[in-house]
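Everything below concerns the one structure shown next.
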Amino acid sequence: MEPCANCGTSFDSAYCPACGQKRHKPGIRLVEVVHEFFGTITHAEGPFLQTLLGFFRGPGAMTRAYIAGKRKAFVPPVRYFIVGIGYYYLIRFFFNWDPVDSAMDAAGAERTVETGVLRVNHWMSQHVNLLLPILIIVLSTFDRVLFPRTKLSWVERYVHYLFAAGTYLIVATTLLPLSILWPAMQILNFLVIFGIIIWACISVHGGGAWTSIKAVVMVPVSFVLYVMLCTVLVALMLGVPLSEMVVRQAP
């Protein structure tokens, strides 16, 4: 029998019968901190794998189940999205990879001078966590306009695309080493991003040919508008003249 470190009650089981705290040895080990960190992010209020698999089984059905009140079965959408962002930055750090530099290397461009365009592009690539919520806002707004008969509020659509964004971040980041080894494979990441979001859009609206056509148009248009909007905002913030962001055609 040993006293509980929390309340002092003596017990010999794994958990204290008085306060419920698990028995712990004195001191803190690194493995405990790591386990608590990932456990808090991925398992609080719902298992991570069940959320990921639930999306693959049917993103529309999963979102509707979550909205209907089935909260314990899934990771909350904001936390799920943050997991995707964190995973993306972790892999980037591990491989010391930058998408802008990688694209320039693949195109054979020189990186000797940091132009205004490069400053904007690097800032955007380094602050995906701040910019992606704008993409979700754009997607949710277009979704509301193009699919008004679907009985989902704007916020509920936002939740749906949070799940979609978290999923594509996880999948695309897992495939990222392929793009690092073979830069030409970066096109695969774009296919994953567009494919998952288009599928999520079709799924939540019940499928059908007309729904599919609108989804295929909506997602790329939303992405282009998102890039343009973020480019303007970041350029203004960094003091880069917007005229530098315009691609000039050679005479």
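Under the working numbering, think of the first position of the sequence shown as 1, with each following residue one higher.
Glycine included, every Cβ here is placed at the ideal spot set by N, Cα and C.
With respect to M218, F142 sits close: the two C-beta atoms are nearer than 9 Å.
For A209, the uninterrupted alpha helix (DSSP H) segment begins and ends at A209 to L238. In this model, V246 and V240 are separated by some 12 Å (Cα to Cα). Taking a C-beta distance under 9 Å as the contact criterion, H160 and L152 qualify as a contact pair. Beta-carbon to beta-carbon, F163 and Y80 are separated by about 6 Å, close enough to satisfy the 8 Å threshold.
By the 16-neighbour rule on beta-carbons within 10 angstroms, Y15 is exposed. Within the DSSP bridge table, the entry for P183 names no partner. The alpha helix (DSSP H) runs of length 4 or more contained entirely in the region 65–151 are, from start to end of the chain, 77–95, 99–107, 116–126 and 128–146.
Residue I134 holds the alpha-carbon nearest to the alpha-carbon of L225 among I134, G58, A18 and L236. With respect to the 9 Å criterion, A73 and Q50 are classified as neighbours on the basis of their beta carbons. In this structure, the alpha-carbon of I213 lies about 57 Å from that of R23.
When the beta-carbon positions are compared, L90 and T167 stay at least 9 Å from each other. In the three-state reduction of the DSSP assignment, S10 falls in the strand class, which pools E and B. Residue nearest to V204 within the set A61, N121, F93 and C19 is A61 (criterion: CA-CA distance). The DSSP-derived three-state label of P177 is helix. By a beta-carbon distance limit of 8 Å, A165 contacts G84. Their separation comes to about 7 Å. The beta carbon of V117 sits closer than 7 Å to those of E244 and M245, all from its chain and outside the five residues before and after it, given in chain order. Secondary structure of P59 (DSSP, three-state): helix. Proximity to N129 across L175, L178, V78 and D101 peaks at V78, based on C-alpha coordinates. Scanning Q21, P99 and P76 for the CA closest to the CA of N189 turns up P99.
Rounded to whole angstroms, the separation of the alpha carbons of W123 and V232 is 12 Å. Distance from V120 to L229 at the Cβ level is roughly 13 Å; contact not present, criterion being Cβ atoms closer than 8 Å. Taking C-alpha positions only, F223 is separated from A18 by approximately 55 Å.
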